[in-house]
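Read through the structure below, which is laid out as structure tokens, and then see the notes.
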Amino acid sequence: MKEPPLQLFTWGLTAILAVAAMTSAHAQLCRQYYGGRITENFNALPVSGTTNTAATLPSGWGFSEAGSSGNLTYSASDGASSSGQTYSFGTGTSTDRAFGEVTSTTVQSTLGICLVNATGSPIVRFAVGYTGEQWRLGDPAAAVDKLEFQYSKDPGATLSSGIYINVDALDFSSPNKAAVAGPLNGNSATNRTVFPPVLIEPSAPIPHGQILFMRWLPVLIAGNNDGLAIDDWSFDAGTPCNLDLDLNGHIDPLTDGVMLMRAMLGLTGTAVTNNALGDGATRTDWTEMAFHLNAACSTNFSIGP
Ligand SMILES: [Ca+2]
Ligand SMILES: [Ca+2]
Ligand SMILES: [Ca+2]
Ligand SMILES: [Ca+2]
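Quick note: the sequence shown uses the numbering used here, first residue 149, plus one each step.
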């Protein structure tokens with residue numbers, strides 16, 4: 149029997165326990181990564197409100213507010229607010245949102261996502277791209293503000309603790325220090341930086357079932373900080389198409405093969421898996437198999453019941 153799946157790991161709770169001074173808001177579960185390219189445009193973030201909770205964040209995404217005014221909520225803003233806070237940035241009530249922050253001496257918000265490798269194969273390298281958007285200039289005379297990108301494959305990591313590795317090529321520095329202090333349109337070319345996917349190769353592969361965190365650390369510059377956000381994020385670890393559907397370590401005709409054939413006939417759910425799971429199966433749910441096949445094997449199977 150497999151040990152309890154890591155998908156039950158709630159990283160925000162761990163962060164609260166580990167670092168009492170931090171206040172972490174989080175999607176309840178790390179997002180399962182089944183292979184292929186996944187993206188996030190944050191356009192489902194709220195367009196209003198000042199006490200939005202982590203429940204309104206996309207799957208896997210979270211934030212952790214350090215500082216004396218850190219809490220579990222975030223605001224929608226067009227960049228007009230200079231307050232230290234986590235933000236859903238956008239113009240008015242436009243649904244093109246970005247996920248960002250303003251740093252202050254009382255709130256320093258770290259943004260990030262937690263994935264679980266659910267591909268059935270080790271992840272040996274992955275590519276991360278996104279667009280950095282500046283939604284506010286705090287002070288044109290201040291230092292250049294920044295979000296620092298890091299990742300962690302530390303099994304005990306949280307958004308605010310654990311061993312993280314810098315990837316400087318994905319650091320986002322304020323592109324506009326020439327405007328007057330106040331809101332900026334982060335969708336304008338002068339206020340944004342597009343980071344084409346950067347290939348990252350960890351020192352050791354990330355095994356199936358393990359977590360991978362990506363985070364953007366705030367920088368507290370002297371004086372009023374800028375409104376900095378991320379948008380149009382992408383992640384792609386490729387990963388091989390793995391026909392060991394039950395993940396017992398080998399591809400067998402009478403188990404994996406039978407299940408694949410049933411799926412190709414249009415069956416779903418237990419109609420696929422009944423009496424076809426191999427000895428030592430660690431993946432027994434058709435839904436999990438279908439997510440991987442569709443993400444990494446160019447199939448279009450019905451996920452089904
Ligand atoms: Ca907050
Ligand atoms: Ca967006
Ligand atoms: Ca800052
Ligand atoms: Ca197998």
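Where a beta carbon is used, it is the ideal one built from N, C-alpha and C, also for glycine. For clarity, every value in this text was computed on a predicted model and none was experimentally measured.
Quick check on the burial criterion: 16 or more other C-beta atoms within 10 angstroms. Buried or exposed for residue i?
i	result
H398	exposed
G184	buried
G260	buried
P388	exposed
G197	exposed
D394	buried
N422	exposed
N265	buried
F375	It should be pointed out that residue 375 corresponds to Gly in this sequence rather than to Phe. Label assigned to G375: buried.
A203	exposed
V292	exposed
A385	buried
T306	buried
Taking the straight line between their C-alpha atoms, what separation do you get for residue i and residue j?
i	j	result
R273	L441	19 Å
V255	N373	11 Å
S300	V276	13 Å
L161	I354	Any answer about L161 is weak, because its pLDDT of 36 lies below 50 and its placement is not dependable; what the coordinates show is given next. Answer to the nearest angstrom: the Cα atoms are 23 Å apart.
T430	S309	30 Å
A326	G304	42 Å
W513	N390	Missing from the structure shown is residue 513; the chain here goes from 149 to 453 and no further.
K294	A246	16 Å
S446	C178	24 Å
T432	V420	10 Å
A443	V328	46 Å
F343	L263	20 Å
E249	E349	28 Å
P288	Q233	20 Å
T241	D226	9 Å
R410	P401	12 Å
F237	W364	16 Å
G215	P366	12 Å
E213	S231	13 Å
T253	P270	41 Å
S223	D404	48 Å
N396	G268	10 Å
Y235	I311	26 Å
T187	H356	20 Å
Among residues of its own chain, excluding the 5 on either side of residue i, which ones have a beta-carbon nearer than 8 Å to its beta-carbon?
i	result
T416	W434, A438, F449, S450, I451, G452, P453
D457	No information on residue 457 is available, as it lies outside the stretch 149 to 453 that the chain covers here.
N314	E296, F297, Q298
Q358	L154, V264, N265, K301, P303
Looking at the C-beta of residue i, does it have a partner C-beta in chain D at a distance below 8 Å?
i	result
T432	Absent here is chain D; the protein component of the structure consists of one chain.
In its own chain, which residues sit with a C-beta less than 6 Å from the C-beta of residue i, not counting the 5 before and 5 after it?
i	result
M362	G260, I261, Y299
A228	P331
E436	none
V195	A224, T241
L360	L263, K301, I354
In chain order, what residues of the same chain lie with their CB nearer than 7 Å to the CB of residue i, ignoring the 5 residues before and after it?
i	result
N339	E281, Q282, P323, N324, L332, N333
F192	In the sequence on display, residue 192 carries Ala and not Phe. Counting only Cβ-Cβ distances below 7 Å, and skipping sequence neighbours, we find P206.
A317	V346
Can the beta-carbon of residue i be found closer than 8 Å to that of residue j?
i	j	result
A290	A377	no
F190	D392	no
A424	M407	yes
L368	T258	no
T279	T239	no
Is any heavy atom of ligand 6 found at a distance shorter than 7 Å from the C-beta of residue i?
i	result
Q256	This structure lacks ligand 6; its bound ligands are ligand 1, ligand 2, ligand 3 and ligand 4.
If you measure from each residue's Cβ to the nearest non-hydrogen atom of ligand 2, which ones come out under 6 Å, in chain order?
-> N189, F190, N191, D244, R245, A246, D379
Under 6 Å, CB to nearest heavy atom of ligand 4: contacting residues | D392, D394, N396, H398, I399, D400, T403, D404, G426
May I have all residues whose beta carbon comes closer than 6 Å to any heavy atom of ligand 1, sorted in chain order?
-> E213, N219, T221, Y222, Q233, T234
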